[in-house]
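Engineer: Chains as they are written, first to last, in this note's numbering: chain Z, 1 to 230; chain U, 1001 to 1230. All C-beta atoms in this analysis are idealised placements derived from N, C-alpha and C, irrespective of residue type, glycine included.
There are 2 protein chains.
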Amino acid sequence: MPPTAAAGYELDPKLPIGAQVYGLLKRMIIGLVFKPNEALSEKELALRLGVSRTPVREALIRLAEETLVDVFPQRGTIVSPIRVAEVMEAQFLREALEAAVTRRAAEQPSAALIRDLSRLIDDQHHAANAGRPEDYMPLDEAFHRTISEGTGMPRSWRLIQGVKGQMDRVRFLSLPNKAHLLLLTEQHAEIFKAIETQDPDRAEAAMRHHLKEVLKTIHELAAEMPAIFA
Amino acid sequence: MPPTAAAGYELDPKLPIGAQVYGLLKRMIIGLVFKPNEALSEKELALRLGVSRTPVREALIRLAEETLVDVFPQRGTIVSPIRVAEVMEAQFLREALEAAVTRRAAEQPSAALIRDLSRLIDDQHHAANAGRPEDYMPLDEAFHRTISEGTGMPRSWRLIQGVKGQMDRVRFLSLPNKAHLLLLTEQHAEIFKAIETQDPDRAEAAMRHHLKEVLKTIHELAAEMPAIFA
DNA sequence: AGTGAGATACTACCATGGCATAAGGCTGCG
DNA sequence: CGCAGCCTTATGCCATGGTAGTATCTCACT
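Structure representation (structure tokens):
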């Protein structure tokens, strides 16, 4: 999880500042530290992060491309509201991409891919039983990233990540419980088995089914908390 | 050397400079005005375009995300070489996205979509018979964009555009002749008919077949002119 | 002649300052 | 009392200067 809004932004001056600011702001937006419709000022962010406005601006431009912020020229920048239509489109695009990649993975899985996925599922099983979502989420992310990158498609993961932000923000609204984490792990295992046994149809179907889990919560949440939706 | 670059590439000071520089550089890279592996200096580009280095830098960052340029921190920026593996991945991702969108379009096509596509195909037929590729390319682009945006998925077009650059650069190497333009139009018409008659399977298949046309030329070209490939 | 170390010249990177523009409040008039 | 127009204030946008880092070139030394 990101540091809180109040304290502890530790930026490493040795690494490119712009990229760090981007990652930090993105995590804070997804983690709802910055709420939808909240104003984000270049000047104020730069002040609070202890950097100049240039890298902040670069980060905001990148976030705007992912529609996590809305930039109004000469007026201001706000955290974008959660627009149901956009979340649905993101879901659709992610499913299209990840289903295709998973199918490809199942066609010719490398030994390294099998090994990495297997290990990740073990770790997920432990984290799920511990019941701590904050430990689980990075493992979930790693699972999906590994399928893309382990199949020789690094760019597909970057595209998926770009659309995923909208969905993650919704997901963050509902803290999954232990049972839910175990269910997710079970679905991951199913995807893995299909890849391992080189069954593309089954792998694609399992991935599509898995991704639809997120969708289920959206409509419930939209009804519960309409304030932060567009 | 004049303060502005080659004629026809001038910038409107009233519009956001950064976005204009991005579009201009992208067109020049795809159009091979800037050759693969050619060095691009922030300072020199700014000088030639008559703007400051800041918007040039912003444009280069965006182009780097599309892997049209490679930025080496503190060293320099070059036009990325045409990497066959990247072109193949771009092709794969584009097909996954556009096949899904086309299927969706065929499920519930709006009247406006039918009308717009129909008109575009007429225009393409005329441009193809005239045999001028430079007139045809914008129409081709519009056809694909219209399917995405006319189906309520504006973001899908942005993703497609992001990966398309790599492929367009390859396509630019082989000037299509009149027969080829007519073939493309025929394929567009087939996609259109499938959408119009609400036949998702046929629409998706037609789009996949259409997109594979580009692939055919890649390997031939890679053999012909290995110099500009990675 | 070959090699290594240092100076140099280049790069992208970040900081800062001035600018134009648009929203919102205030004032004066109807 | 209501509305229109000005003005203040804040914003993002662009220009420019300084900094740190890297490759190359030079020259001394082996």
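1) Report yes or no: do the stretch 101-117 of chain Z and the stretch 165-173 of chain Z share at least 3 C-beta pairs separated by less than 8 Å?
2) CB of E1134 of chain U to nearest heavy atom of the ligand MG: below 8 Å?
3) Alpha helix (DSSP H) containing T102 of chain Z: first to last residue?
4) Tell me the rounded alpha-carbon separation between S52 of chain Z and E58 of chain Z.
5) Using DSSP bridges, identify the partner residues of G76 of chain Z.
6) I'd like to know if F34 of chain Z contacts chain U, where contact means its C-beta is closer than 9 Å to some C-beta of that chain.
7) By the 10 Å Cβ neighbour count, where 16 or more other Cβ atoms means buried, how is L47 of chain Z classified, buried or exposed?
8) So is Q1074 of chain U buried or exposed if we call it buried at 16+ other beta carbons inside 10 Å?
9) For a cutoff of 9 Å on Cβ pairs, would you count E149 of chain Z as touching chain U?
10) With burial defined as no fewer than 16 other Cβ atoms inside 10 Å of the residue's Cβ, what is the status of A206 of chain Z: buried or exposed?
11) Could I get the ranges of all uninterrupted alpha helix (DSSP H) runs contained in the stretch 1003-1048 of chain U, with 4 residues as the minimum, in chain order?
12) With a threshold of 9 Å between beta-carbons, can V101 of chain Z be considered close to chain U, or not?
13) Return the Cβ separation of P55 of chain Z and I17 of chain Z in integer angstroms, given the expectation that the two are a contact with Cβ distance under 8 Å.
14) Out of U:I1082, U:Q1124 and U:G1131, point me to the one whose CA is closest to E1141 of chain U's CA.
15) If you follow the alpha helix (DSSP H) that P1055 of chain U is part of, which residue opens it and which one closes it?
16) Do T1077 of chain U and V1071 of chain U come within 9 Å of each other at the CB atom, strictly closer than that value?
17) What does L93 of chain Z reach in chain U if we use C-beta pairs closer than 8 Å?
18) When the cut-off is 9 Å and only beta carbons count, does A1006 of chain U lie next to chain Z?
19) With C-beta atoms as the reference, is R1094 of chain U less than 9 Å away from V1163 of chain U?
20) For A223 of chain Z, count neighbouring Cβ atoms within 10 angstroms of its own Cβ and tell me buried if that reaches 16, exposed if not.
21) Is DSSP giving R145 of chain Z helix, strand or coil here?
22) What do you reckon, are the CB atoms on L1068 of chain U and Q1198 of chain U nearer than 9 Å?
23) If you drop the 5 nearest sequence neighbours on each side, which residues of the same chain put their C-beta closer than 8 Å to that of R1158 of chain U?
24) Under a three-way DSSP split, which group does M153 of chain Z fall into?
25) Between U:A1130, U:L1221 and U:R1155, which has its C-alpha nearest L1181 of chain U's C-alpha?
26) With a threshold of 9 Å between beta-carbons, can A179 of chain Z be considered close to chain U, or not?
27) So for L1175 of chain U, helix, strand or coil by DSSP?
28) Confirm, please, whether the CB-CB distance from E1065 of chain U to R62 of chain Z is below 9 Å.
29) Kindly indicate which three-state DSSP category D123 of chain Z falls into: helix, strand or coil?
30) At the level of alpha carbons, what is the spacing between R1187 of chain U and M1088 of chain U?
Structural biologist: Reading off the structure:
1) The stretch 101-117 of chain Z is not in contact with the stretch 165-173 of chain Z.
2) With respect to small molecules bound, the structure shown includes none, and the ligand MG cannot be examined in it.
3) Element bounds for T102 of chain Z: V84 to E107.
4) Rounded to whole angstroms, S52 of chain Z to E58 of chain Z spans 11 Å at the Cα level.
5) For G76 of chain Z, DSSP records a beta bridge to Z:F72.
6) So, not an interface residue.
7) Within 10 angstroms of the beta-carbon of L47 of chain Z lie fewer than 16 other beta-carbons, which makes it exposed.
8) Exposed is the call here.
9) At a cut-off of 9 Å between beta carbons, E149 of chain Z makes no contact with chain U.
10) Answer is buried; the Cβ neighbour count reaches 16.
11) Entirely contained in the stretch 1003-1048 of chain U, the alpha helix (DSSP H) runs reaching 4 residues are, in chain order, 1017-1030.
12) Output row for V101 of chain Z: interface = yes.
13) Contact between P55 of chain Z and I17 of chain Z holds: their C-beta atoms lie close to 4 Å from each other, under 8 Å.
14) Ranking U:I1082, U:Q1124 and U:G1131 by CA distance to the CA of E1141 of chain U puts U:Q1124 first.
15) Its alpha helix (DSSP H) spans residues R1053 to E1065.
16) In this structure, the beta-carbon distance from V1071 of chain U to T1077 of chain U falls below 9 Å.
17) Ordered by position in chain U, the residues that pass the 8 Å Cβ test against L93 of chain Z are L1097, A1100, M1153, R1155, S1156 and L1159.
18) Below a pLDDT of 50, predicted positions are generally treated as unreliable, and A1006 of chain U, at 43, falls in that range; the measurement from the model is reported next regardless. For A1006 of chain U, the answer is no, since every Cβ of chain Z falls outside 9 Å of its Cβ.
19) Yes; because the gap between Cβ atoms is below 9 Å, this pair is in contact.
20) With fewer than 16 other Cβ atoms within 10 Å, it is exposed.
21) The three-state secondary structure of R145 of chain Z, taken from DSSP, is helix.
22) No, these two residues do not count as a Cβ contact at 9 Å.
23) So no residue of the chain qualifies.
24) Residue state for M153 of chain Z is assigned as coil, using DSSP reduced to three classes.
25) Distance from the Cα of L1181 of chain U is smallest, within the candidate group U:A1130, U:L1221 and U:R1155, for U:A1130.
26) Output row for A179 of chain Z: interface = no.
27) Collapsing the DSSP output to three states places L1175 of chain U in coil.
28) Taking 9 Å as the Cβ cut-off, R62 of chain Z and E1065 of chain U qualify as a contacting pair.
29) For D123 of chain Z, the three-state secondary structure derived from DSSP is helix.
30) Checking the sequence, you will find Gln at residue 1187 of chain U rather than Arg. Taking the straight line joining both Cα atoms gives about 21 Å.
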